[in-house]
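Each residue of the sequence shown is one higher than the last, beginning at 60 in our numbering. What follows is a short report on a single structure.
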Amino acid sequence: MQSGTDAPSVSDGFVRTVSPLLGGPIGRHAAEGRSWWNPGRVALLVALLVYLLGFLQKLPCRVAGVDQFKWMCYTDIPLLYVGRGLAQGNTPYLDTGNYPVLEYPVLTGYFLEFERLITVALGAPTGIGLSEASQNAAALTFFYVNAVLLAALLLITVWAQVRTVPHRPWDAMMLAASPCVAATALINWDLLPVALTALGCMFWARRQPAAAGILLGLGMAAKLYPALLLGPLLLLCLRSRRMTAFASLLGAFVITWGVTNLPVLLLAPREWMSFWTFNSDRSGDLGSIWYVLSLAGHQVPQLNLVNALILIGGCLAIGLLIMFAPRRPRFGPVAFLVVAVFLMTNKVYSPQYVLWLLPLLILARPKWREWLIFSAGELIYFGAIWWHLGGQLTPGDSGPDKLYWFSVLVRLATQGWVAAIVVRDILRPEHDIVRAPGIDDPTGGVLDRTEDAAWLLRLRARVTV
Numbered sequence: 060m061q062s063g064t065d066a067p068s069v070s071d072g073f074v075r076t077v078s079p080l081l082g083g084p085i086g087r088h089a090a091e092g093r094s095w096w097n098p099g100r101v102a103l104l105v106a107l108l109v110y111l112l113g114f115l116q117k118l119p120c121r122v123a124g125v126d127q128f129k130w131m132c133y134t135d136i137p138l139l140y141v142g143r144g145l146a147q148g149n150t151p152y153l154d155t156g157n158y159p160v161l162e163y164p165v166l167t168g169y170f171l172e173f174e175r176l177i178t179v180a181l182g183a184p185t186g187i188g189l190s191e192a193s194q195n196a197a198a199l200t201f202f203y204v205n206a207v208l209l210a211a212l213l214l215i216t217v218w219a220q221v222r223t224v225p226h227r228p229w230d231a232m233m234l235a236a237s238p239c240v241a242a243t244a245l246i247n248w249d250l251l252p253v254a255l256t257a258l259g260c261m262f263w264a265r266r267q268p269a270a271a272g273i274l275l276g277l278g279m280a281a282k283l284y285p286a287l288l289l290g291p292l293l294l295l296c297l298r299s300r301r302m303t304a305f306a307s308l309l310g311a312f313v314i315t316w317g318v319t320n321l322p323v324l325l326l327a328p329r330e331w332m333s334f335w336t337f338n339s340d341r342s343g344d345l346g347s348i349w350y351v352l353s354l355a356g357h358q359v360p361q362l363n364l365v366n367a368l369i370l371i372g373g374c375l376a377i378g379l380l381i382m383f384a385p386r387r388p389r390f391g392p393v394a395f396l397v398v399a400v401f402l403m404t405n406k407v408y409s410p411q412y413v414l415w416l417l418p419l420l421i422l423a424r425p426k427w428r429e430w431l432i433f434s435a436g437e438l439i440y441f442g443a444i445w446w447h448l449g450g451q452l453t454p455g456d457s458g459p460d461k462l463y464w465f466s467v468l469v470r471l472a473t474q475g476w477v478a479a480i481v482v483r484d485i486l487r488p489e490h491d492i493v494r495a496p497g498i499d500d501p502t503g504g505v506l507d508r509t510e511d512a513a514w515l516l517r518l519r520a521r522v523t524v
């Protein structure tokens, strides 16, 4: 272990309390780096074991007829293999048939096509007119292919997490050991943009803005949320007079996203638009406060407008926080806040969206207490959504299952509580545990140890007069 590396068994109250159960605090030889089992390797091993537990939890759903909601083992992966034409041998977006267009950004579609080719190469039946048994067998092979590739993406995410904050490698254990990862990693393909975003944050921290832009651009080509990080980075660079680095990031981001999307945009423009129209047209859906309000009989009119106004208001508040906080905020906390605001106000919250927030939470507030509170809210919601869909929470009188409503509010409350703690850390930097003596912003890259721009100092002086 490098000199100055944080040891949670010493610095974190929760870990210090439970460490005697696991052999006690870190010892002198480990602290001097003599063990082959460094923090990165331990985190990767733990991540793999936790992921395997999640894989085992999903196995009951491989049998046709199993109640996927009751056993909480639902996954989109085999269902969409059949339901989006992949089992017929069709390429997403470019081929059409009697099925809906794949409702994901194009890089996710490319990823699915790559996995489809592997599935066929492994001998899975493919083509039009497959029997139900053949479709099920092919979908199961596809699921196993996904299990391997998504495991690799999780390990990449953990690896990047270890290296993003060099003096706190053990923080990656909050990702590696997370029960939320076990529960949700195999529901969908969200680990693809999560891994790309983690790599983008790592390259930004290593003062390589162009590489960070490429990775974040690829991330947005797989899912929308990585684009949200551009706003905080713009304001942080404005505050620190590092606009050249931001221009490099933005240029690489736009070019990468454009090149990735261009083939589908040119060859199948209507299918390319399907992701955008699908999300624009949907009403308040599962997991959102809007869905709970609709179940309670309070449908929100003009939801897209209301949702957009609230999101814009939240982002403006974060922008003011970035520009007028007494000390320039670290990148990790403001990245977490903007994605948290987006998800808390979004029209849908699928259980696997926790994977978007978890790495950013660790960059923002790497305390096990906050990790426990956040995880509890997500796991309560994870259990409730499946039993809501399966009818297990429906009361005997067939009334509304208010336990599900409560689970959504609990999840929103735990996310909001962690966000409030992060805001407190920004306003009172002495509470920010990442900023140990002599450390400014290890995730900030070119922002680290910079001074505020003179124009901002003058503006703040006028505002405070």
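Virtual Cβ for every residue (Gly too), placed ideally from N, Cα, C. All values reported here derive from a predicted model rather than from experimental measurement.
Between the alpha carbons of Ile498 and Arg266 lies a gap of roughly 16 Å.
The three-state secondary structure of Gly272, taken from DSSP, is helix. DSSP, read as helix, strand or coil, puts Tyr152 in coil. In this structure, Val160 sits near Ser333, with a CB-CB distance shorter than 9 Å.
When the five nearest sequence neighbours on each side are left out, the beta carbons in the same chain lying within less than 6 Å of the beta carbon of Thr216 are those of Val253, Ala254, Ala257, in order along the chain. In the three-state reduction of the DSSP assignment, Tyr158 falls in the strand class. Annotated as proximal: Phe395 and Ala423, with beta-carbon spacing under 9 Å.
In the three-state reduction of the DSSP assignment, Tyr133 falls in the coil class, being assigned neither a helical nor a strand state. At the C-beta level, Val477 and Ile439 stay beyond 9 Å of one another. Of Glu172, Thr134, Arg121, the smallest CA-CA separation from Gly144 is found for Glu172. Comparing alpha carbon positions, the residue from Cys120, Gly142, Leu103, Tyr163 closest to Asn338 is Tyr163. Leaving aside the five residues that flank Asn366 on each side, the residues in its chain whose CB is nearer than 7 Å to its CB run, in chain order, Thr404, Lys406. Following the DSSP letters along the chain, one finds Thr185 in no alpha helix (DSSP H), marked with neither H nor E.
Of the candidates Leu416, Arg300, Lys117, Asn97, Arg300 places its Cα closest to the Cα of Leu516. Cβ-Cβ distances below 7 Å link Leu274 to Leu255, Leu258, Gly259, Phe262 in the same chain, with the five nearest sequence neighbours on each side left out; the list follows chain order. Each of Val240, Pro98, Asp154, Arg483 was checked against the Cα of Leu326, and the nearest Cα belongs to Asp154. Per the coordinates, the alpha-carbon of Lys282 lies some 17 Å from the alpha-carbon of Pro322.
The distance from the Cβ of Leu213 to that of Ala241 is about 10 Å, inconsistent with a contact at the 8 Å cut-off. Taking the Cα positions, Pro418 is about 30 Å away from Thr178. Residue range 98 to 117 is occupied by the alpha helix (DSSP H) that includes Gln116.
Sorting Gln127, Gly436, Leu189 by C-alpha distance to the C-alpha of Gln147 places Leu189 at the top. Cβ atoms of Ile492 and Lys426 come within 8 Å of each other, at about 7 Å. Cα atoms of Leu468 and Ala271: separation of roughly 35 Å, rounded to the nearest angstrom. The alpha-carbon separation between Asn195 and Phe202 amounts to approximately 10 Å. Between Ala219 and the set Glu330, Gln361, Leu294, Pro98, the nearest pair of CA atoms involves Pro98.
The beta-carbon separation of Val397 and Cys374, rounded to 6 Å, stays under the 8 Å limit for a contact. Between Met131 and Gly442 the beta-carbon gap is near 6 Å, inside 8 Å, which marks them as a contact.
The DSSP-derived three-state label of Lys461 is helix. Secondary structure in the region 322 to 365: the alpha helix (DSSP H) runs of 4 residues or longer, each lying completely within the stretch, are 328 to 331, 333 to 340, 348 to 354 in chain order.
Runs of alpha helix (DSSP H) with 4 or more residues, each lying fully within the region 287 to 317, are found at 289 to 299, listed in chain order.
When the Cα atoms are used, Leu414 and Ala235 turn out to be separated by approximately 12 Å.
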